[in-house]
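Worksheet for the structure shown next.
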Amino acid sequence: MAMNFQSLLQLKSLWQRFTDQHPKFPAFLRAAQPALKEGSVIAFSITTPEGKIIESNLKVTSTDLELIESLKQMSQ
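Below, the structure is given as structure tokens:
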């Protein structure tokens, strides 16, 4: 799978804007990273402006950990 350099630059710019708007999120990711082990459960919850709550979760697998490690290496 070929990586488009222009798309990577755009993604980096979008990530920077996201972290500027939500500075606590990267800190949360850094704090949570040591707990991400195979079998850990990540829970997601979204509350819409109307108050509707949408929830889900996933159990972390070894391939999830490989993806996370690859993303960490790309960001360095």
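Take the sequence shown: its letters are residues 1 to 76, numbered as in our numbering.
The beta-carbon is built from N, C-alpha and C at its ideal position, and this holds for glycine as well.
Please read all numbers here as calculations on a predicted model, not as lab measurements.
Just to confirm my understanding: we take residue i, look at its own chain, exclude 5 residues before and 5 after, and list those with CB closer than 8 Å. What are they?
i	result
residue 17	none
Within its chain, find whatever has a CB closer than 7 Å to the CB of residue i; leave out the 5 residues flanking it on each side and keep chain order.
i	result
residue 54	46
residue 22	none
residue 56	44
Which same chain residues end up closer than 6 Å to residue i when comparing Cβ atoms and leaving out the 5 residues on each side of it in sequence?
i	result
residue 11	none
Check the C-beta distance from residue i over to residue j and give it rounded, since I have them as a contact under 8 Å.
i	j	result
residue 42	residue 58	5 Å
message = Does the contact criterion of 3 or more C-beta pairs under 8 Å hold for the segment 35–49 versus the segment 61–73?
response = yes
Fill in: Whole runs of the beta strand (DSSP E) within the segment 31–74, excluding any shorter than 3 residues
41–47, 53–59
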